[in-house]
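Chains P and D, in that order, are what the protein sequence lines are. In terms of numbering that gives the first Met the number 0, the first sequence is residues 0 to 217. In terms of numbering that gives the first Met the number 0, the second sequence is residues 0 to 227. From the three backbone atoms N, C-alpha and C, an ideal C-beta is built for every residue, glycine too. Remarks on the structure that follows.
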Amino acid sequence: MSISHHLDHATLVAFSSGTLPEGLSLIVKSHLEMCAACRKAAVAADEIGGSMLAEAEMAPVALGSKASVMDKIQTATLHRLPVSRSLGESEVPRALQAALGTSDLDSLKWQKAGPGVSMFKLNKGKEQDGFLGLLRIAPGQKVPDHGHGGTELTLILRGAYHDEIGHFARGDVADLDESISHTPVASGAVECICLVANDAPTRFNSWAARLVQRFIGI
Amino acid sequence: MRGVVADHPAGTVIRQWVACVKVVQAMKKPFTIAHHAAHFQMPGSDMSQDKLAMLIRQVAQNLDRDAFSTLFDLLAPKVKALLMRRGLDSAAAEDVMQDVMISVWTKAGLYDATRGSLQGWVFTIARNALIDRVRRRKPDISIDMIEWDPADDAEDSEERMLREERASQLKGAMKAVPADQLAVLQLAYQEELTQTEIAARLGLPLGTVKSRMRLAYAHLRGAMENAS
């Protein structure tokens, strides 16, 4: 797969350190399954963590701790093969499959979110935690101009869209921060399905879109 | 530490010594005493890349319990310390550390030395175990650092040299990262603060925190790749 839009390295550092919010982390994991360049970049970030581990002090382990572990490994099941051998073969990355409970996007219960746009919400948390879910945009359909309260990640799973920043196709990730406002339009003859997560509510720039937002909760 | 002391023939003397040092410890950074106590049975437990790679290979290929036992001595106290720094109390850190060490055993066959260092791999296992615990959900098996490609059993001396060199380059480069950038990395990796929390802690705009992360990352990655 040829990917032209990658993860911001600051996002990879946050992911690697385990401090990226859960929804954004799901997008990072999904993109990593699809993008060799970002996997390599992620390994470098993990090395920073490894170096911090190597430099850590030594906290004394509890009495009997080692004996207990030595005992448990006698019966522990070994992982012999990499769990993710066939990457990029399914339309839905494995990390997302686990969250959705299916690998078939068409079987989801899509909810109408405006003209030519439907969505499937994944998080049932509070609105201020941000949005995590799938957006399905009909060919040629425009998503209202919006900005972001914090970080927003978008991963394209099917079709493509273009906006002020560029053209985004399957596997591409848009890693946007609060300074950026955009108006994505689904391009080509097929619909565009993307996974979207943010860590603060989306800010639509028109009052009509804001009105709709109150009902659909993106 | 109690275990180390109790197992030793000169336990009483050492217990007294430890009691003395504990008082000192209260006034100092925690690593002073922990360092001594943990090194007690194992002088010079410096984590050489070569040694770690050899040990994990013995575990993966021969299910070598002695090699694993040595790895436990080298890694378990550090994993526990990292987990405690990231907010777990001693009992919880002990618990998660044991899970991490069991994963090191069960996943040893997946570790691929050509992709990254052992401590980087163990770090990702610890990070994921901690996330699973905090989010109280089933273990997420999807992402450990090396799991994308099948492990390559063969290892030539060039790869080994490269690994040693990369690790030492990274260690050196870490010292050369400007203090304001290093602080941002430490707050993320050691204190587990999100970008937003780091911004609040340092009184900086989020954009500045992100750009310091990018700069520090670029610096360190550059140093690692110069070794290749």
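Where do the ends of the alpha helix (DSSP H) carrying residue i lie?
i: C37 (chain P); result: A35 to E54
i: V208 (chain D); result: L205 to N225
i: V103 (chain D); result: S89 to T105
i: Y110 (chain D); result: Where Y110 (chain D) is concerned, there is no enclosing alpha helix (DSSP H), given that its DSSP letter is neither H nor E.
i: I124 (chain D); result: L117 to V133
i: V183 (chain D); result: A178 to Y188
i: L95 (chain P); result: R93 to L99
Can you name the start and end residues of the beta strand (DSSP E) that residue i belongs to?
i: L73 (chain D); result: Where L73 (chain D) is concerned, there is no enclosing beta strand (DSSP E), although the alpha helix (DSSP H) it sits in stretches over R64 to R84.
Looking at the strands, I want to know which residues DSSP matches up with residue i.
i: L194 (chain P); result: P:L133 and P:L154
Secondary structure at residue i, three-state DSSP: helix, strand or coil?
i: S29 (chain P); result: helix
i: T74 (chain P); result: coil
i: M57 (chain P); result: coil
i: S47 (chain D); result: coil
i: T18 (chain P); result: coil
i: S67 (chain P); result: helix
i: T195 (chain D); result: helix
i: I2 (chain P); result: coil
i: S102 (chain P); result: coil
i: K170 (chain D); result: helix
i: S24 (chain P); result: helix
i: E164 (chain D); result: helix
i: V12 (chain P); result: helix
i: L54 (chain D); result: helix
i: P201 (chain D); result: Looking at the sequence shown, residue 201 (chain D) is not Pro but Leu. Looking at L201 (chain D) - three-state DSSP - the assignment turns out to be helix.
i: A59 (chain D); result: helix
i: A199 (chain P); result: coil
>> Quick check for students: name the residue ranges of the beta strand (DSSP E) that lie wholly in the segment 110–187 of chain P, counting only runs of 3 or more.
In response: 110–113, 116–120, 131–136, 145–147, 151–157, 159–161, 166–168, 172–175 and 184–186
>> Taking beta-carbon pairs under 8 Å, can you tell me which members of the segment 130–151 of chain P lie near chain B?
In response: No chain B appears in this structure, whose protein chains are P and D.
> Can you find at least 3 beta carbon pairs, one from the segment 13–22 of chain P and one from the segment 192–199 of chain D, that sit closer than 8 Å?
Replying inline: yes
> Are at least three pairs of beta-carbons, each pair with one atom in the segment 76–85 of chain D and one in the segment 41–57 of chain P, less than 8 Å apart?
Replying inline: yes
>> Whether or not the segment 150–160 of chain P and the segment 25–45 of chain P are in contact is what I'm after, with contact meaning three or more pairs of Cβ atoms, one per stretch, closer than 8 Å; do they touch?
In response: yes
>> Three Cβ pairs or more, each shorter than 8 Å: is that satisfied between the segment 99–112 of chain D and the segment 32–46 of chain P?
In response: no
>> For the segment 112–122 of chain P against the segment 173–182 of chain P, do three or more pairs of beta-carbon atoms, one drawn from each stretch, fall closer than 8 Å, so that the two count as touching?
In response: no
> Is the segment 89–107 of chain D in contact with the segment 197–213 of chain D, if contact means three or more CB pairs nearer than 8 Å?
Replying inline: no
> Does the segment 99–111 of chain P come close enough to the segment 160–176 of chain P to have 3 or more Cβ pairs within less than 8 Å?
Replying inline: no
>> For the structure I just gave you, are there three or more beta carbon pairs, one from the segment 62–74 of chain P and one from the segment 121–128 of chain D, closer than 8 Å?
In response: no
> If we count Cβ pairs, one from each stretch, closer than 8 Å, do we get three or more for the segment 59–73 of chain D versus the segment 85–99 of chain D?
Replying inline: no
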